[in-house]
Each structure stands twice: as C-alpha cells, then as structure tokens.
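Sequential numbering of the sequence shown, starting at 32, is according to the working numbering.
Step one of this worksheet: look at the structure below.
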Amino acid sequence: MGEMRYHTVKKEYTKARKFAMGEVAWSHNDRTIATYGGDGKISLLDAQTGKVRTAYTSGVVYSLSWSPDDAYLVTGNYDNTARIWRLA
Numbered sequence: 032m033g034e035m036r037y038h039t040v041k042k043e044y045t046k047a048r049k050f051a052m053g054e055v056a057w058s059h060n061d062r063t064i065a066t067y068g069g070d071g072k073i074s075l076l077d078a079q080t081g082k083v084r085t086a087y088t089s090g091v092v093y094s095l096s097w098s099p100d101d102a103y104l105v106t107g108n109y110d111n112t113a114r115i116w117r118l119a
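Okay, structure coming up:
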C-alpha cells in the first residue's frame, strides 16, 4: 500500500470562510493545496503552513484538478464549463 498523507488546515483559515470547504486538490509537488468553498472562491494554500497564497473568484465549482506540472488548475463549474487557470 502507498503512504497516506494527512494534513490539517489551520483553524484561522477555516473560520475566515463563511462556507464549508467543498473541493480539495493537492498539487503534485506537495507544496500547494487548492480548495473551494461555497463562497465562490478558489484558494491556494501553502501545504506546510496552511496560509492562503492567493485566491480567485470562480463561481460555483464541482471539481478541481491540477495539471501534471502544477502550472494549471482546471475547474468543473456549475454553468457546465471547464475553466483552466494558469498559475505559474
């Protein structure tokens, strides 16, 4: 079996959001966690500290996925679109 990774995001981050975290995707390089909550924002968190590096307004998101090189994040959206976010 492979190694199971576990990480708790700091309480300050989760308290600041008014909506529950719905989607979570860990980058391939283990440095960044992408999250989405019902507030219409995608947040990129530092995987070590849990601090928000940046946030994007997105609308309603159903899924998040990183590109193999972690340069892009793809979202599946409520309006039947897929959006490609260039991060690097």
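Even for Gly, the Cβ is constructed at its ideal location relative to N, Cα and C.
Just verifying my parser: in three-state terms, what is the DSSP assignment at residue 118?
coil
Residue span of the beta strand (DSSP E) that contains residue 72, given as start and end
72-77
Contacts around residue 103, its chain only, beta-carbon distance under 7 Å, and the 5 residues preceding and following it disregarded:
115, 116, 117 and 118
8 Å CB neighbourhood of residue 110 in its chain, flanking five on each side removed:
90 and 91
What do you get for residue 66, buried or exposed, if any count of 16 or more other CB atoms within 10 angstroms of its CB means buried?
buried
Limits of the unbroken beta strand (DSSP E) element including residue 84:
83-88
Taking C-beta to C-beta, are residue 112 and residue 95 nearer than 8 Å?
no
Which same chain residues end up closer than 7 Å to residue 59 when comparing Cβ atoms and leaving out the 5 residues on each side of it in sequence?
97, 99 and 101
For a test of the three-state rule: what should DSSP assign to residue 102, helix, strand or coil?
coil
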